[in-house]
Every structure is written in structure tokens, then in C-alpha cells.
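Working notes, structure below.
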Amino acid sequence: MNVIYELILIVFLFVCAIGAFLSERLLIAVVIFMSYSLVMSVIWALLQSPDLAITEAAVGAGVSGILFFITLKRIHALKGTKDE
Amino acid sequence: MKQFIVELINDRFMIAAVLLFGLGFMNLLLQKNLIKKIIGFNVMDSSIFLFLASQGYINGRIAPIITNGVFDAEVYINPIPSGLVLTGIVVSVSVTAFFLALTVRLYGIYKTVDFDEIMLLINKEAE
Amino acid sequence: MNIETNFFKRLNDWVNGEADRLFPELHETDAPKPPEPVATIGPLPNKDVLFLTSYQAVALIVVIGMVSILLYTVYKLPLFGVADNPAVNEVVERYVEKGLEETGAVNVVAGMILDYRAFDTLGESSVLLLAITSVMMLLLKDEKNTDPDEELIEAHEAVIEDHNRDMILQTMTIILMPAIMLYGIYVILNGHLSPGGGFSGGAILGAGLILFASGFGHNRVKKFFNMKTFRTLTTIALLGYGVLKTYSFLLGANHLPTGIPLGTPGAIFSSGLIFVLDICVGLIVACTMYGFFSVFSRGEI
Amino acid sequence: MLPYYYNIPAVSILLCMISGISIPLLSSGRRAYRLTLFVSATVTLLSALLMYKVIPLNEYFTYMMGHFPAPWGNELSAGPLEAMMGFIFGLVMFLSLLGGSMTLFHDILPGKQKFYFTMMNMLMAALLAMTYTNDLFTGYVFIEISTIAACAIVVARDTPKTIGSTIRYLAISLLGSGLFLIGVVLLYCITGHLLMPNIQTQVLRLVSTGLYTVPLTVVAGLLFVGIAIKSALFPFGAWLPMAHGGATTTSSAVLSGLVLKGYIVMLIKIFYRVFTIDVIRDLNVTNIMFACGLAGMIYGSIEAFREEHIKRMLAHSSMAQIGYIFMGIGLDVNLGVAAAFLQIMVHAFVKPLLFLCAGRLSEVYDHEKSSYRLRGSAHKDWVAGIGFTIGAMSMVGIPLLGGFAAKFYLVTSAMMNPAKLWPALITLMISAVMNALYYMPEVIAIWTRCELCTPNPVESNLGFDLISAPLLASGVIFLGLNGYTMIQVIQRGLALL
Amino acid sequence: MIRFLTDLIGVILISSSMFVFASSVLGIYRFRYVLNRMHSAALCETLGMMLLVSGLTFLLGISWHSAKMILIVVFLWMASPVASHLIARAEVLTHAHITDELEVVDDERHI
Numbered sequence: 000m001n002v003i004y005e006l007i008l009i010v011f012l013f014v015c016a017i018g019a020f021l022s023e024r025l026l027i028a029v030v031i032f033m034s035y036s037l038v039m040s041v042i043w044a045l046l047q048s049p050d051l052a053i054t055e056a057a058v059g060a061g062v063s064g065i066l067f068f069i070t071l072k073r074i075h076a077l078k079g080t081k082d083e
Numbered sequence: 000m001k002q003f004i005v006e007l008i009n010d011r012f013m014i015a016a017v018l019l020f021g022l023g024f025m026n027l028l029l030q031k032n033l034i035k036k037i038i039g040f041n042v043m044d045s046s047i048f049l050f051l052a053s054q055g056y057i058n059g060r061i062a063p064i065i066t067n068g069v070f071d072a073e074v075y076i077n078p079i080p081s082g083l084v085l086t087g088i089v090v091s092v093s094v095t096a097f098f099l100a101l102t103v104r105l106y107g108i109y110k111t112v113d114f115d116e117i118m119l120l121i122n123k124e125a126e
Numbered sequence: 000m001n002i003e004t005n006f007f008k009r010l011n012d013w014v015n016g017e018a019d020r021l022f023p024e025l026h027e028t029d030a031p032k033p034p035e036p037v038a039t040i041g042p043l044p045n046k047d048v049l050f051l052t053s054y055q056a057v058a059l060i061v062v063i064g065m066v067s068i069l070l071y072t073v074y075k076l077p078l079f080g081v082a083d084n085p086a087v088n089e090v091v092e093r094y095v096e097k098g099l100e101e102t103g104a105v106n107v108v109a110g111m112i113l114d115y116r117a118f119d120t121l122g123e124s125s126v127l128l129l130a131i132t133s134v135m136m137l138l139l140k141d142e143k144n145t146d147p148d149e150e151l152i153e154a155h156e157a158v159i160e161d162h163n164r165d166m167i168l169q170t171m172t173i174i175l176m177p178a179i180m181l182y183g184i185y186v187i188l189n190g191h192l193s194p195g196g197g198f199s200g201g202a203i204l205g206a207g208l209i210l211f212a213s214g215f216g217h218n219r220v221k222k223f224f225n226m227k228t229f230r231t232l233t234t235i236a237l238l239g240y241g242v243l244k245t246y247s248f249l250l251g252a253n254h255l256p257t258g259i260p261l262g263t264p265g266a267i268f269s270s271g272l273i274f275v276l277d278i279c280v281g282l283i284v285a286c287t288m289y290g291f292f293s294v295f296s297r298g299e300i
Numbered sequence: 000m001l002p003y004y005y006n007i008p009a010v011s012i013l014l015c016m017i018s019g020i021s022i023p024l025l026s027s028g029r030r031a032y033r034l035t036l037f038v039s040a041t042v043t044l045l046s047a048l049l050m051y052k053v054i055p056l057n058e059y060f061t062y063m064m065g066h067f068p069a070p071w072g073n074e075l076s077a078g079p080l081e082a083m084m085g086f087i088f089g090l091v092m093f094l095s096l097l098g099g100s101m102t103l104f105h106d107i108l109p110g111k112q113k114f115y116f117t118m119m120n121m122l123m124a125a126l127l128a129m130t131y132t133n134d135l136f137t138g139y140v141f142i143e144i145s146t147i148a149a150c151a152i153v154v155a156r157d158t159p160k161t162i163g164s165t166i167r168y169l170a171i172s173l174l175g176s177g178l179f180l181i182g183v184v185l186l187y188c189i190t191g192h193l194l195m196p197n198i199q200t201q202v203l204r205l206v207s208t209g210l211y212t213v214p215l216t217v218v219a220g221l222l223f224v225g226i227a228i229k230s231a232l233f234p235f236g237a238w239l240p241m242a243h244g245g246a247t248t249t250s251s252a253v254l255s256g257l258v259l260k261g262y263i264v265m266l267i268k269i270f271y272r273v274f275t276i277d278v279i280r281d282l283n284v285t286n287i288m289f290a291c292g293l294a295g296m297i298y299g300s301i302e303a304f305r306e307e308h309i310k311r312m313l314a315h316s317s318m319a320q321i322g323y324i325f326m327g328i329g330l331d332v333n334l335g336v337a338a339a340f341l342q343i344m345v346h347a348f349v350k351p352l353l354f355l356c357a358g359r360l361s362e363v364y365d366h367e368k369s370s371y372r373l374r375g376s377a378h379k380d381w382v383a384g385i386g387f388t389i390g391a392m393s394m395v396g397i398p399l400l401g402g403f404a405a406k407f408y409l410v411t412s413a414m415m416n417p418a419k420l421w422p423a424l425i426t427l428m429i430s431a432v433m434n435a436l437y438y439m440p441e442v443i444a445i446w447t448r449c450e451l452c453t454p455n456p457v458e459s460n461l462g463f464d465l466i467s468a469p470l471l472a473s474g475v476i477f478l479g480l481n482g483y484t485m486i487q488v489i490q491r492g493l494a495l496l
Numbered sequence: 000m001i002r003f004l005t006d007l008i009g010v011i012l013i014s015s016s017m018f019v020f021a022s023s024v025l026g027i028y029r030f031r032y033v034l035n036r037m038h039s040a041a042l043c044e045t046l047g048m049m050l051l052v053s054g055l056t057f058l059l060g061i062s063w064h065s066a067k068m069i070l071i072v073v074f075l076w077m078a079s080p081v082a083s084h085l086i087a088r089a090e091v092l093t094h095a096h097i098t099d100e101l102e103v104v105d106d107e108r109h110i
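These protein sequence lines map, in sequence, to chains A, B, C, D and E. Note that numbering that gives the first Met the number 0 has the first sequence beginning at 0, numbered continuously upward. Note that numbering that gives the first Met the number 0 has the second sequence beginning at 0, numbered continuously upward. Note that numbering that gives the first Met the number 0 has the third sequence beginning at 0, numbered continuously upward. Note that numbering that gives the first Met the number 0 has the fourth sequence beginning at 0, numbered continuously upward. Note that numbering that gives the first Met the number 0 has the fifth sequence beginning at 0, numbered continuously upward.
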């Protein structure tokens, strides 16, 4: 039964990764990448590594997401036009 | 055929890690947009960590936190990959920050985050 | 019409929020097209186009080749999740069976990264220091990286933000901030007893500071956390880590005891150096995370 | 208790790290500079002491970092080779900092000089740790440290061009470290250890039983490619000229002279201590190294020949020299590896000498870097002129200088392997001729008097004139005169690895 | 009997939370404008999570785990509406032609 959940999560990972690379608006790419990190942290919790899960949720999905957002603001990519 | 599928499902994490590694590597190489290059780098690193962490997992065992006085190595999973991945995550977030800082500066100079354009502009300046 | 039937194109459009092209009949009108981006350089010279195309082709072949080699390798590797793979050997046994006795840490992973393999962790904390230093090198305001237009926009935004703080955010920050800080400190202090430790706890603390800064503005944070505090805290925490570990490395290599009591396993003040080191790492990570945020958004701490 | 000199590797690494950490507490860039000089001088002296103790006894030792021995804790290991590399790293770092100090303080904004010296200290620590480490994962962590530090010292000059070249350098370096990391991970999966001697016993067992042959080959390939990307071997080295050419003089000297070498030393150590060199030869990795090395020699020489910007020319020439080193390792004979090591040492002295002298010479004409505009500059600054001449002559391979000794032993070792003799010889000939073709016009140009040019008044830099240039040049000459002794020492050291 | 009843209630609550999640996902997909999408996303985070966690509490019975889950819901209810509010605020403040999207516009926009 666990295997099915894990497979679903892996499919999620792929969807998130491919979606992040395909999307042309950087904001969406970054949001999808954050959800990738979140899925990754769930996978680590399933793999019995709670340390990694906490760290990934705090660092990967939290702080590096914030860094990406500020960068997008600094490069004026939040205005809704494509890539600029 | 059936056995092949069973093996595929059994090695699911490693296969997913390798494919994600390829995806991230390709994006780090090929994406023109610097932000997406950085996302590619992050995907690549976390896929390596997924590979490592999945190597440490053993079916039916629990996380190595000794709260109930059981010291038997047969009960807990392998703690080494977790430690290594913890180190790796911090390294990768540091590199990400550095990369983003470089991107911000380049945008300040050339007003674009397209890597190929930036390289062409730099080469033009050199001539 | 051909484009409409292309699945990937439609998926792409949908991901981009263009419109719900997966089911175009749901919408009568299309969203207005965004303006075409203005090209900054003209059409590429032929040589460059050739180079780029061949580069992409070569890179694609390299990646596909590498992935297939790695997949074949995975096929040859030990199976997932079985107990008799080569990675489970005497090292793991000793970490698990003697870890509590030798390091005093209930969480074997914490004991491993802060005692058995502490040199790696020292390197890792230095990576954080290097990253924040290089980010400061690039983004701290000086005569080379300031742009008068940007300055003007930022000043304008700062004025607007200062006069137009969001009340809901501020109230919730006041309510949530103590909880976040408490949780972060709990995770740091319990690093040797439960999952977590310096890295995750420090990141949580940093996130709390970032929340406070976005609710109340940088100037409020500056009253208790400025460049000087940042520098002193980071340096002292990392120096503390380095000096303590140097002491322990040198004595350990020369087969001398460190003379630091390990305490009762499971108590909060136990496991000797690991407790102190966790606090050091937590401070470094918290300062660094807030430092990243502040330098990125304002060019100063 | 251990003999006291066993502590030297750990002490020198930790000294560099702690001084790098404490630099933010200092008040100004000048003080940070003095601290960095002091630290690198101390490291040099300590390594000299280690050399003095270890080489006569021909001793190899491992050193626990902490309370736990081999398979459990981190370890360092050191012997004659590591001691020599530590000595050279410390010395060349010291001399480069001393010689390039004026350009350094001119190029970097006063507010950011402290950061630069933090990077320098950490880079030094990373180089030493990569040399001394006995643990693959520690190697990975310090490779990342050296990547960030190297990129940061390139970008310290803060011009649009350096930022652009740094981002490329960083992206390609990250590919390299990603490959290295996945190599380490795969190796951990099939052996279950991270310490080099333990992995070696497991690898030998795997080879003898024929288990996991494919993963082992892939691991060797991944580790090699990862490090080859970082040390700019030919097909992977496109980032090097821009990054090294654009940085400030000290950074270029340190990057070309030391950082590339640090990775290669680590690769050699991995090959000897993890796989053993026989297994590596069985896995055919050396053939790839040989081919890439030959291609790199030709490519680097041609590109350097076409280049006019003097620092970029030197950087292209670095690529060719890296090709020599990999060719030496790829020759499949033990003398070849020793010759490659000699080449590493010679190049570690020559390239900083050339970069520092070129930096001084270009100051004569207002930081003009085009080589044909440097005419007559040597008459204004004859120390730099002589230094540049000696370096160029060593590169070309004039007897009695270091470059000649290295090339001589490369040819000698090529003689021992008939299968690879002719390609190696022909490429060496071509590369030597090309070296002469692009270095000699440069030397002639800087010594030709130029009446029309208007030189700047040159500020004398005593550190460069009295210490840096003479010591680097005498290092080159010393290696050239004592080539045989050095080869003997290196071969004994390699046997101990 | 009581056990059966609590299990039944738990199952009903969890299935209704599934319904809320499904409909909010459909809403995110179906709506075109940011505010509409945000509304449906916020619904899934508050109502859906509440139903899910209370269902799980019924299934588990009263224990430390259920107390922790209730705490999670409390914090989620504090954080998620604020996040939605901030997104909406950013949209309202930065959208140049907001009148095209909304019928009622507050005239006391400060900026």
C-alpha cells in the first residue's frame, strides 16, 4: 500500500520538475519548485529520515523560496510580463 | 516481463533520482534563463540526495532515534546517508544564494536574465 | 489548429496560466495576449546560431547518454530497502549500538554529524559563512552596484511600505512570532534528543526573523539586529564551533580524553559538546538566513 | 602520544579556517591582509617542518579528526607528497599575495577587501584539506568550499565582465561537483565506506570477485569527469580563460597556480588510495585521460597563439599545461605520474610568476593588457621583465629550468610505454614549438625599446621586487636543477600512497 | 457501538474533506482570475484541513497525537488566511486594470 503512495509522490516530483522547467513565467516556475521541495520533504519523512524532512521543509521550501522571490522582485519579474 | 516491472517498482526511488538528475543536469546546461538554471541545479542536487537517502532506507525499520532503550542495529535504518544529506542540503542552499546574487548583479548591468544574451553582450563589449 | 491539438503545447499554456486550453470550449474569449518582449540584440550572426544549436545537440546527447549509463548502473546496484546491502556494515552497527554511549546523543544522526564526522560539519558551516560573505561582496551597496533609477524606486517603495503597513499581517506576526521563535529554539536545543538540530532550528529562527521584517519593516529589525550584531554573532558562533572542535580534534587524535562530561542520556543538558555545537550551528544558520534575506532585499543588514 | 609533527596537517587546516572566520572582526582590509600573509607563512613553515621530518624517514601516517579511528570518524593522511604540496601551496599563496598586493588594493573596493581575504583563507584551507583528506565526503565538502571561494575571488574585482565569467565558471563548476558527488554516492552504495583505505579493501574485494564491475567503472569515470571539469581539462575547460583572464592579478595567480592543482592532487590521491592505480588502468580510465590530455595540449597552445590579451593568453597556456599533467598520468607508467607531479610543482611556480610579472608590466602602460602594446615595458620594470623571461623560458623548455625537467621526464616515461610513445612525442613536439612561438615574441617585445610610447611612472613594490619574484624564479630554477632528486622523492612518495 | 459510531463520524468527516479538496482543486483549475482561484485555495486550506483533522481525531480517539493535530489546525488557521489576504492585497494593489476583473471596487484604495 505504501508503495502506491510513494509512486504517486514520485509522479508528483516529476510533474513539479517538468512544470517548473516548462513554465515561461518565472514566478510560476518558482512556486512549482517550492512545491517540489515540499513533496521532497514528504518523501524524506516516508524514508524514515525526519531530520531531513524538517530541514528540507525549513530550508528548501521556506528560505530558498523566499530568496527566489526577492530575486524575482529585484529583476522585475513579478509584473506579469513574460520573463522580464 | 512481470519480474522486470517488479524490479522497476522496487527500485523506484533510484530510478526517479537518476531521471531527475538527468532533468536537472539538462536544465543546468541548456536553460537560457538564469533563474531556471538555478532551479535545475537545485533539482539535480536534491535528486542526488534522494538517491543517497533511498540507499539508507531498509524496509520495516525506523528512524535512528533511540528513545526506548533498544540498541539493536536490526531495528534502525542506516543513519549515515541522513547525515551526509543534511550536509549537502546546506551546501546547496548556500550555492543557490551565491548564484542568485550573481544573477541580481548581472540583471543590474545588462537588464536581462537570459544567459546567452548576456554572453553575447559581454563578447560584444570585449571587441 | 495543429497547435491546439498538441498536448504539450496545451499543457505548457496551461502551466503558464494563459488560458484553460485543455478544454477551450469552457471559455468564449481568450485572454489578451501579452506584448512581445523587446529584443535587446538583433538577429544572431550565423556563426553563433550554429554554435548554439550544436552545443544544445551535444549537451542533449551527453545527458541522455549519462542518464542511460546511470540507469544501467542502478540496475546493477543492490536492491532498494533490503537489509543486506553493502552499506549496512560494521560502521552502522557501531553508530547505532555504541552511539548513545560514546556521544551521548539519543538522535544518532546528530551524534554522527556533530561528533563522529564533525569535520564535515565544520566545513559545511564554513560554506554558509562563505556564501553570506560572497553575497555581501556582491550585493552590499557601494559605488559599483547602485543605479539611481533603482534607488529612486526603492526609496519610493520604502516610503509607501512604511506608511501603509498591513494591520492583519502585523497582528498575526505578533501572535505567531513567539510561537515560531519558541519552536525554533526548541528544535535547536533538542537537537540531540529528537529530529532536527542546529540546521533546521536555525532555519526556522531565520524564517521567524524574516516574517517579522516583512511585517514591521527592516527598520524595526535594525533596532535589535544590525550589521554589528550580525557580524559578532556569526563570527563568535563559528569561532566557538571551530575552537571547540579544534580542541576536541587535537586531544582526540593524541588519544587524550577531553574531560567533558556526557551527562545522562536523554536529559536536556547531556551529550557534552553536541549541545553547545548545536546552539552554535543554530545561531550561524539563523543569522545567515536572515542575512541573505536582508542583503538581497535591501543591500544592507 | 603521537609524534608532534603528526599534528601539522590538522593544525594548518584549522589555522586557516579559524583565521578566515575571525577576519570579519578585524577593522580594516590591511590588517586582514597582514593576517592572511602571516597565516600562509605559518602554513609554509609548518609544512616545511613536516617535509623535513617525513621525507628522510619516508613515512606515511593517518591522523584521526576526533576520537574515533578509521571506519567511524574523519581522518587525514599525510606523507612526503602531501607535505610537499602543502609547502608549495603555502609558499605560492604567500608570494602571490605579496607580489600582487598593489593591484589587489587598487582593484577591490575598500569596503570589500576584508571579504576577499576571508575567501583567500578559506581557499587555502580547502586546498590543504583536499590534499590531506583521507575521506571522500570531506573531499566533496571542501571541493564546494573551494568552488565558492574561487568564484568569489574572481568576482571580487566587480566589473561586468568578471561577473559574467564568474556565473559561467560557477555553473560549470556545479556540474563538476554534482558529478563528483554522485560518484561518491555510488561508491558508498557499493562499498559502504567513506574512508579511503576501507573503500580500497572493499574495491579490491569487488574486483577480485567480479561483483559490481559496471558501477565501479561508472564511479571511476564520474569522479574523473567531475574533477576534470573543475581542473579545466580540454573538452570541459571552456570557462577557464575568461575567469582567469579577468580576475585581479593575485586571484589569477592563485587560481591558475594552485586551485587547479589542488583538484588534480586530490584526483591522484583518490586513484592511488581508493582504486589503486592498477585497477584504474584496468578500467581504461587512463586512456581517456591520455587522449583528453593530448587534445588539451594542442587546443590550449593554438588558442594561446591566437590570443592577444596577455592574461588570457596565460590562461589558455594553463589549459595546455593541465593537458601535460593529465597526459603524464595517462601514460600508464609510474614514472609518468611522477613526471606529472613534477609538472604540477613547476607549473605552480611558473604560472604565478608569469601572472604577477605580466600584471606589473601592464602597469607600465596604464593597465594595458594587449601584448603588442607592452613594448619596452621591461626597461621600466626590469625585475618583472627578468621574471617574465625566466617564466617564459621555463614554459618553452630551456634546459636548467623547471619546465625542461618536467618535459624531459614526461618524454622519458613515454619511452617506457611503446603503445603511447608516438602520439605523446609528436604532441609534445608540437606543443613545445607552439609554446616557443607565442612566448618568445612576447619576451622580445617587452625588451625592445620603444621611443614613441609614454610609460607611466612605476611605483616600486618592494614585496614583489625583493621577495616574490626572486623566490618564485629561484623555485623554478631549483626544480630545474634538482629534477632527478625531486623525481626520486616523488616516486617514493607515490609508492607510499 | 460507540467505537463504530466514532469511526463512522470520522469516515464521514474525512470523505467530506476529500470532497472539499476535490472541489477546491477543480476551482483552482476552473477559475481564471487570481482572486477567485485564491478563494478556492484558501477554502481547501481551512475547511478541508479542519474536516480532515477532526475526522482523524475521531478515528484516533483522544491522545497526544490528536492534540498535536488540533494545534496544527490552529496554526494553519492563523497563517493561511493571512497569506491569502496578502496575496489578494498584492493583486489589488498592483493590478493596473482591476475594474475589468471586479465589479465592485473600493474607492478608498490608498495607493
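Ideal Cβ placement from N, Cα and C applies to all residues, glycine included.
- The beta carbon of Gly87(B) is closer than 6 Å to those of Phe48 in its chain, skipping five residues each way along the sequence.
- Taking each of Ile79(B), Leu99(B), Asn58(B) and Phe70(B) in turn and checking the Cα distance to Ile65(A), the smallest one comes out for Leu99(B).
- Identification of chain D residues near Val90(C) by a Cβ-Cβ cut-off of 8 Å yields Pro70, Trp71, Gly191 and His192, ordered along the chain.
- At the C-beta level, Leu51(E) and Ser23(E) stay beyond 8 Å of one another.
- Shown here, Tyr106(B) sits in a helix according to DSSP, grouped into three states.
- Leu168(C) is the residue among Arg297(C), Leu168(C) and Ser296(C) whose C-alpha sits nearest the C-alpha of Ala87(E).
- Secondary structure of Glu74(D) (DSSP, three-state): strand.
- Contact between Tyr437(D) and Ala303(D) is confirmed by a C-beta separation of about 5 Å, below the 8 Å threshold.
- The residues Val278, in chain order, have a CB closer than 7 Å to that of Val206(D) in the same chain once the five nearest residues on each side in sequence are set aside.
- Leu334(D) sits away from Asn57(D), with the two beta carbons spaced by 8 Å or more.
- Chain-ordered, the chain A residues with CB closer than 8 Å to the CB of Lys35(B) read Ala19, Phe20, Leu25 and Ala28.
- Scanning its chain for C-beta atoms nearer than 8 Å, with the 5 sequence neighbours on each side dropped, one finds around Ala16(B) the residues Ser46, Ile47, Leu49, Phe50 and Ser53, in chain order.
- In this structure, Gly386(D) places its C-beta atom within 8 Å of the C-beta atom of Leu352(D).
- For Thr35(D), the enclosing alpha helix (DSSP H) stretches over residues Gly28 to Leu56.
- Rounded to whole angstroms, the Cβ separation of Ile152(D) and Tyr115(D) is 6 Å, and the two are in contact under 8 Å.
- In this chain, Met0(E) is not harboured by any beta strand (DSSP E), its DSSP state being neither H nor E.
- Close partners of Gly262(C) in chain A (Cβ separation under 7 Å) are lacking, with about 21 Å as the shortest Cβ gap.
- Collapsing the DSSP output to three states places Leu25(D) in coil.
- Here Leu13(D) carries a helix assignment [DSSP, helix/strand/coil].
- Nearest CB-CB separation between Arg11(B) and chain D: not below the 8 Å threshold.
- Tyr5(D) has its alpha-carbon roughly 52 Å from the corresponding atom of Asn1(A).
- Going by beta carbons, Ser230(D) and Ile181(D) fall outside the 8 Å limit.
- The beta carbon of Ile53(A) sits closer than 8 Å to some beta carbon of chain C.
- The criterion of a C-beta distance shorter than 8 Å is not satisfied by Lys35(B) and Ala170(D).
- Within its own chain, the residues whose Cβ lies closer than 8 Å to the Cβ of Tyr246(C), once the five positions on either side in sequence are excluded, are Thr257, listed in chain order.
- In the displayed model, Met64(D) falls within a strand according to three-state DSSP.
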